[in-house]
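What follows is a short report on a single structure.
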Amino acid sequence: MLTTLLALIVGLVPASPAAQANEWRLETADLSRMSAGWGKALANASIQEKGLSVAGKTFERGVGTHASSTLRLDLHGSATRFRAWIGVDDEVGSRGSVVFRVSADGKRLYDSGVMHGGEPARQVDVDLRGCRILTLSALPGEDGIDFDHADWCDAVIAHTGSAPAPVEPPKEPFVRLTPPTSRLPRVNWPRLFGVRPGSPVLFTVPVSGDRPMRFRAQGLPPGVTIDAATGSFRGSISAEGEWPVRVTARNRWGACTRTVTLRCGETLALTPPMGWSTWYMAYTNISDAFVRRQAEAMRTSGLADHGYSYINIDDGWNIRLGSDDPVLGGAPRDGLGNLRPNALFPDMRGLCDAIHAQGLKAGIYISPGPSTCAGFEGSWRREAADAKQFADWGFDFLKYDWCSYGNVAGGSDRVHMVRPYQLMGDLLRLQKRDMVYNLCQYGMGDVQRWGTQVGGNFWRTTGDLGAASDLWESTAACGFGQAGKEAFAGPGGWNDPDNILLGRILWRGALAPTPLTPNEQYTYMSLWSSLAAPLVLSGDLTQMDDFTLGLLCNDEVIAVNQDVLGIQGKPVLRSEETEVWAKPLAGGDLAVGLFNRGDAATRMSAPWKALGISGQWKVRDLWRQRGLGIREDQFGATVPRHGVVFVRLSRV
Ligand code: GLA
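Just so we're aligned, residue 0 is where the sequence shown starts under numbering that gives the first Met the number 0, counting upward by one.
See the structure below:
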């Protein structure tokens, strides 16, 4: 007995075959299951397809990924150890900061703390006996995900049974949290609308409830009437001023009266614009008929009753440069130099009229460069004619997308970045109708610092969410990454982390339900509401299931987004995986989001101290529209994986 033991210790006798461990290597996994905040995780290469290298030490084998990145592995209960070398890949130099984390069954087994570029690789060596699901995470350390190239080198799992295998997270049920829309009339948001003196007033009071409905208004400004059947304000206001209008909506079940304010002045988009864009459901595959169908569905689906009002045509409506396609090609301008729509848009004015007839507003798109991103005619050197053309057609919104402008800018400093946006902004102001101005240049040159100066009403602060390989990682990185830009947002000018990719969107080439889980979808809407970000939908409005309608039409969540103070919420507590956000609301309330970016449900709390409040506060669950009682000192909740608990606090 003693000799056997001794022999085992000194390694003379091999352990019994049953207990002998096999080695499974991470790079052999199906890496399409590993999420990445940018690019795609690769075997035996960094995220940029170079050799794996950390502080000069190179590794033949391993996996290169990009924060935030997660892989879940089923260990079948037979794994014994995980070993790896971790670090930020040398391809980013001293930039980048990553936290490597190893968890199993919701318990943390290893945490690297923040590792920076240039730091030597560290060895992870953890016991996995008894573990079922292993999660490997590479999380952004500091300042968002930029340059967070994360390497798992020589990563090996020792096991005695079946090899570890990537697994999907548990399926979540699609539970609609939003209570059903009442049949009674209810005046929803926005309840504040800005118009310039002399411009046509175009605002339909968003009211849910059964139709037919009758509308009455008291206190209208001179020159403005309300359509008794539709609730649309029409007319114009000649002088600056503010009119709190008492609007009553009545149907067979009852009536609702609320104050809706018309503010006549130079500022448009007093609350974040709400609407829809063609881009993520059709890309350039668009036509007059398609846009009309979507506009009609905006109304029939009920979305318009909850405040969505812009129908925006994105890239692809005019002439594709150099194309000999009889439908899309041709001369990009007529003899007078005016823009020509392509054959699929035979009557732009008629299309705008049809959108207006639905009580909605129409948006158009072009680039300040010679061509748009998809290669259609741009506005370069024709800006004045184009601004006038858009106004003449009847558009109420312009998205102005940098695209090819870089080739003609003549410089890459801020002056050159601002110039084309200033030019078009000035031209839009000269038109006799109001056009909300959406700058799109992906956040270059700190656009949030000068967006308002050039007349912009909102500006993209990020790249294209839909271009990412992992929609959850990209929405989380871009959405939570808005922290720090809050000082630049407010009535008339908003930060825009891109459209709402919910409902049926074009994803990997096919029109399909968004790849996000139900909790990720609740996070998306809660976060965009906390951010006071424009709510520009991008899914198919003609095919809205009940879950998606509940998600997009929760009036208490929308009220946070549309709050008249227009304050962009910000994080008050942050760790790598959890964030507590707060947004001050009119009347002294606070919207508070408990967000869990981690891979397992977790207990979270929003202490009053972090929120800067004290005493007793009423807590209301915004998604369920239900009071949760009174709290002192803090509000705590268990927050699901990638999910949110979104509440409104009101002082008792
Ligand atoms: C860019 C923009 C998108 C979209 C396309 C159109 O990528 O960021 O939002 O407008 O161009 O080509």
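Backbone N, C-alpha and C define an ideal beta-carbon position, used for all residues, glycine too.
Buried versus exposed call for residue i [16 or more other C-beta atoms within 10 Å across all chains shown]
{"i": "I504", "result": "buried"}
{"i": "G129", "result": "exposed"}
{"i": "D333", "result": "exposed"}
{"i": "E141", "result": "exposed"}
{"i": "M443", "result": "exposed"}
{"i": "G586", "result": "exposed"}
{"i": "E631", "result": "exposed"}
{"i": "R224", "result": "It is worth fixing the name first, because residue 224 is Thr in this sequence and not Arg. Looking at its Cβ environment, which holds fewer than 16 other Cβ atoms inside 10 Å, T224 is exposed."}
{"i": "N337", "result": "exposed"}
{"i": "R459", "result": "buried"}
{"i": "G642", "result": "buried"}
{"i": "L550", "result": "buried"}
{"i": "K106", "result": "exposed"}
{"i": "R71", "result": "buried"}
{"i": "E90", "result": "buried"}
{"i": "P13", "result": "Because P13 sits at a pLDDT of 46, beneath the cut-off of 50, its placement in the model cannot be relied upon, and the following sentence gives the value as read from the coordinates. Looking at its Cβ environment, which holds fewer than 16 other Cβ atoms inside 10 Å, P13 is exposed."}
{"i": "Q561", "result": "buried"}
{"i": "V204", "result": "buried"}
{"i": "P272", "result": "buried"}
Given residue i as reference, the closest of the options once Cα atoms are compared
{"i": "L41", "options": "A54, T27, V53", "result": "T27"}
{"i": "C351", "options": "G112, W151, L201, G628", "result": "L201"}
{"i": "F654", "options": "S378, T577, G455", "result": "Residue 654 lies beyond the stretch modelled for the chain, which goes from 0 to 651, so this question has no answer here."}
{"i": "G462", "options": "A296, C477, G455", "result": "C477"}
{"i": "G349", "options": "K398, D287, S473, A330", "result": "D287"}
{"i": "L127", "options": "P119, M114, Y109", "result": "Y109"}
{"i": "V194", "options": "P163, D29, F232", "result": "F232"}
{"i": "V618", "options": "Q624, S403, L648, A482", "result": "L648"}
{"i": "I499", "options": "R507, G492, S473, K484", "result": "S473"}
{"i": "D445", "options": "D495, F389, Y436", "result": "D495"}
{"i": "V123", "options": "G117, S111, R131, H115", "result": "S111"}
{"i": "W527", "options": "R573, G362, V591", "result": "V591"}
{"i": "W392", "options": "P165, R432, K398", "result": "R432"}
{"i": "V155", "options": "W580, P221, V113, T79", "result": "T79"}
{"i": "S662", "options": "G614, S574, V535", "result": "Nothing can be reported for residue 662: it is not among the residues displayed for the chain, which extend from 0 to 651."}
{"i": "H305", "options": "G218, S181, R413, R380", "result": "S181"}
Closer than 8 angstroms: residue i CB and nearest the ligand NAD heavy atom
{"i": "Y420", "result": "This structure lacks the ligand NAD; the ligands present are the ligand GLA."}
Inter-residue Cα distance where the pair is residue i and residue j
{"i": "G264", "j": "T451", "result": "15 angstroms"}
{"i": "D533", "j": "L133", "result": "A quick correction: the sequence has Pro, not Asp, at residue 533. If I take the Cα positions, the gap works out to 38 angstroms."}
{"i": "P606", "j": "F634", "result": "6 angstroms"}
{"i": "R292", "j": "L584", "result": "36 angstroms"}
{"i": "D314", "j": "G410", "result": "25 angstroms"}
{"i": "W151", "j": "K387", "result": "56 angstroms"}
{"i": "S96", "j": "L135", "result": "16 angstroms"}
{"i": "G611", "j": "R650", "result": "13 angstroms"}
{"i": "W278", "j": "A294", "result": "14 angstroms"}
{"i": "I236", "j": "G321", "result": "45 angstroms"}
{"i": "Q19", "j": "G61", "result": "23 angstroms"}
{"i": "L464", "j": "R121", "result": "33 angstroms"}
{"i": "V646", "j": "S525", "result": "10 angstroms"}
{"i": "A17", "j": "H158", "result": "Here the model assigns A17 a pLDDT of 47, short of 50, so the residue's position is not dependable, and the following value carries that caveat. If I take the Cα positions, the gap works out to 11 angstroms."}
{"i": "S671", "j": "D469", "result": "It is not possible to answer for residue 671, since the shown part of the chain is limited to 0 through 651."}
{"i": "G358", "j": "L327", "result": "30 angstroms"}
{"i": "Y364", "j": "F344", "result": "14 angstroms"}
{"i": "E48", "j": "A54", "result": "17 angstroms"}
{"i": "A190", "j": "P490", "result": "According to the sequence as given, residue 190 is Arg; it is not Ala. In a straight line, the C-alpha of R190 is about 13 angstroms away from that of P490."}
{"i": "E519", "j": "P172", "result": "12 angstroms"}
{"i": "R100", "j": "S529", "result": "28 angstroms"}
{"i": "I310", "j": "T266", "result": "21 angstroms"}
{"i": "S31", "j": "W493", "result": "35 angstroms"}
{"i": "E382", "j": "F214", "result": "41 angstroms"}
{"i": "V571", "j": "K582", "result": "10 angstroms"}
{"i": "R175", "j": "G502", "result": "13 angstroms"}
{"i": "R94", "j": "D73", "result": "33 angstroms"}
{"i": "S45", "j": "L261", "result": "55 angstroms"}
Short CB-CB distance (under 9 angstroms) between residue i and chain D
{"i": "Q122", "result": "Among the chains of the structure shown, chain D does not appear; only one protein chain is present."}
Residues around the ligand GLA, please: the condition is that the C-beta lies closer than 6 angstroms to some non-hydrogen atom of it. Here the list is W278, D313, D314, T371, C372, A373, D400, C439, D463.
Complete beta strand (DSSP E) runs within the stretch 46-73 (minimum length 3 residues, chain order): Counting only runs of at least 3 residues, the stretch 46-73 fully encloses the following beta strand (DSSP E) elements, listed from N- to C-terminal order: 51-53, 56-58, 61-65, 68-73.
Sequence ranges, beta strand (DSSP E) only - wholly within the stretch 338-397, length at least 3: When DSSP assignments are scanned along the stretch 338-397, the uninterrupted stretches of beta strand (DSSP E) that are 3 or more residues long and fall wholly within it turn out to be 360-365.
Start-end ranges of the beta strand (DSSP E) lying completely within the stretch 294-319, minimum 3 residues: Entirely contained in the stretch 294-319, the beta strand (DSSP E) runs reaching 3 residues are, in chain order, 309-311.
Segments of 4+ residues assigned as alpha helix (DSSP H) that fall wholly inside the stretch 412-438: Fully enclosed alpha helix (DSSP H) runs of 4 or longer: 413-429.
Unbroken stretches of the beta strand (DSSP E), 3 residues or longer, contained in the stretch 602-647: Counting only runs of 3 or more, we get 615-620, 625-631, 633-638.
Which whole runs of the beta strand (DSSP E) in the stretch 154-237 are 3 residues long or more, in chain order? Those beta strand (DSSP E) runs which fall completely within the stretch 154-237 and span 3+ residues are 191-194, 213-217, 223-225, 231-234.
Continuous beta strand (DSSP E) assignments of at least 3 residues falling wholly in the stretch 494-566: List check, beta strand (DSSP E) in window: 503-506, 509-512, 534-536.
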